[in-house]
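Asks: FYI, in the UniProt record's numbering the residues of the sequence shown are 1 to 200. Every residue gets a Cβ at the ideal spot worked out from N, C-alpha and C, and that includes glycine. These figures come from a predicted structure and were not determined experimentally.
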Amino acid sequence: MLYPLGWALLAFLCGSLPFSVWLPRLAGGRDARQFGDGNPGATNAFRAGGAGVGLAVLLLDISKAAAPVGMAYFQFGWRGWPMLLIATAPVLGHAFSPFLRFRGGKALAPAFGAWIGLTLWQLSLPVLLLVLLWRAALDVDGWAVLLALASLLVIILVWQPELLFLAVLAGQMVILAYTHRAGLRRRPHWRLGRGRPSAG
Numbered sequence: 001m002l003y004p005l006g007w008a009l010l011a012f013l014c015g016s017l018p019f020s021v022w023l024p025r026l027a028g029g030r031d032a033r034q035f036g037d038g039n040p041g042a043t044n045a046f047r048a049g050g051a052g053v054g055l056a057v058l059l060l061d062i063s064k065a066a067a068p069v070g071m072a073y074f075q076f077g078w079r080g081w082p083m084l085l086i087a088t089a090p091v092l093g094h095a096f097s098p099f100l101r102f103r104g105g106k107a108l109a110p111a112f113g114a115w116i117g118l119t120l121w122q123l124s125l126p127v128l129l130l131v132l133l134w135r136a137a138l139d140v141d142g143w144a145v146l147l148a149l150a151s152l153l154v155i156i157l158v159w160q161p162e163l164l165f166l167a168v169l170a171g172q173m174v175i176l177a178y179t180h181r182a183g184l185r186r187r188p189h190w191r192l193g194r195g196r197p198s199a200g
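(1) If distances are taken between C-alpha atoms only, which option among L166, T179, G50, F76 comes closest to P109?
(2) Determine which residues share a DSSP beta bridge with W190 and list them.
(3) Give every residue of the same chain whose Cβ lies closer than 7 Å to the Cβ of V145, excluding the five residues on either side of it in the sequence, and list them in chain order.
(4) Buried or exposed: where does R33 fall if 16 or more other Cβ atoms within 10 Å of its Cβ makes it buried?
(5) Could you tell me the alpha carbon to alpha carbon distance between H189 and D139, rounded to whole angstroms?
(6) So, with DSSP's three-state summary, where would you put R33?
(7) What residue from W7, D141, F99, W115 has the CA that sits closest to R185's CA?
(8) Would you call the stretch 20-28 and the stretch 42-58 in contact, with 3 or more CB pairs under 8 Å?
(9) Using a Cβ-Cβ distance under 9 Å, would M71 count as near chain D?
(10) Could you pull the start and end residues of the alpha helix (DSSP H) that S20 belongs to?
(11) Tell me where the alpha helix (DSSP H) around R47 begins and ends.
(12) Spell out the partners DSSP gives R103 in its beta bridges.
(13) Any idea if V158 is buried or exposed, counting beta-carbon neighbours within 10 angstroms, 16 or more meaning buried?
(14) Between the C-alpha atoms of W134 and A150, what's the straight-line distance to the nearest angstrom?
(15) Please report the straight-line C-alpha distance between I156 and L123, rounded to a whole angstrom.
(16) Tell me whether the beta-carbon of R30 lies closer than 9 Å to the beta-carbon of G52.
(17) Quick one: measure Cβ to Cβ for G105 and L13, integer angstroms, because I've assumed they're closer than 8 Å.
(18) If P4 sits next to W78, beta carbons under 8 Å apart, how far is it from one beta carbon to the other, in whole angstroms?
(19) Using a Cβ-Cβ cutoff of less than 6 Å, which residues in the same chain neighbour A11 once the five nearest sequence positions on both sides are dropped?
(20) If you follow the alpha helix (DSSP H) that F74 is part of, which residue opens it and which one closes it?
In C-alpha cells:
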C-alpha cells in the first residue's frame, strides 16, 4: 500500500501547483490574487493575464488532477480506499497549496479533472452540464456548485452506484463547501427572480 500512498502524495503535489499565480506573473507580472475576489483560480487568471493565460490555467488545473487520477485508475488499476485518497489528493492540494502557505483556490477545476480521471466523459460531462445549469439558475456560485454535486449523486446512483464514486463525491462536497464558504453565507436567488445578483 506504500506505493498508492506515494502516488497520492504525488497527486497532492500536482494539485498544489498554483498555475493561476505563476502563469499571469510570467505573462505580465500580475498576480491573479489581486483581481476579483482574490481567489487563485482560472477566472482571476483570465482577468490578470487575458484569455490565453486564463484558458491555459483552466486546462492545467483540470489536467493536474485528471492525469494522476487517470493513471492510477486505468493504468495501475487501483481501487478502494487508495483510489479515494488519490482522487481526493489533487483537489486538496489545490485548496491547500504548500506553495501558497497552504491556501489556495476553490478547487472546482481539479474536482472536474478528478472525474475525468475516474470515468473519462461518463461523469465529467454531467458534472460540467450540471454546474453550468445551476450557475445559470442561481446568482451565488457556491450554492450552484454544491447543488450540481448533489444532483450528480442521483446520476451516480442510477448509472453506477459504486462506493468509490460516492465517497469521492462526498469528499469533494466537503472540500468545495469549505472553499466556497464565503458564498454559502449568502442567500441565493433565482436569476430570473427578485434580488440583486451577488458574486459567489
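Replies: Taking the coordinates as given:
(1) One detail in the question is off: residue 109 reads as Ala in this sequence, not Pro. Considering only alpha carbons, the answer is T179.
(2) L138
(3) L108, V131, L176, H180
(4) buried
(5) 6 Å
(6) helix
(7) D141
(8) yes
(9) Looking for chain D here will not work: only one protein chain is present.
(10) 19-28
(11) 42-49
(12) S97
(13) exposed
(14) 11 Å
(15) 8 Å
(16) no
(17) With a Cβ gap of about 16 Å, G105 and L13 do not count as contacting.
(18) 6 Å
(19) P68, I86, A89, P90
(20) Run containing F74: none; DSSP gives neither H nor E here.
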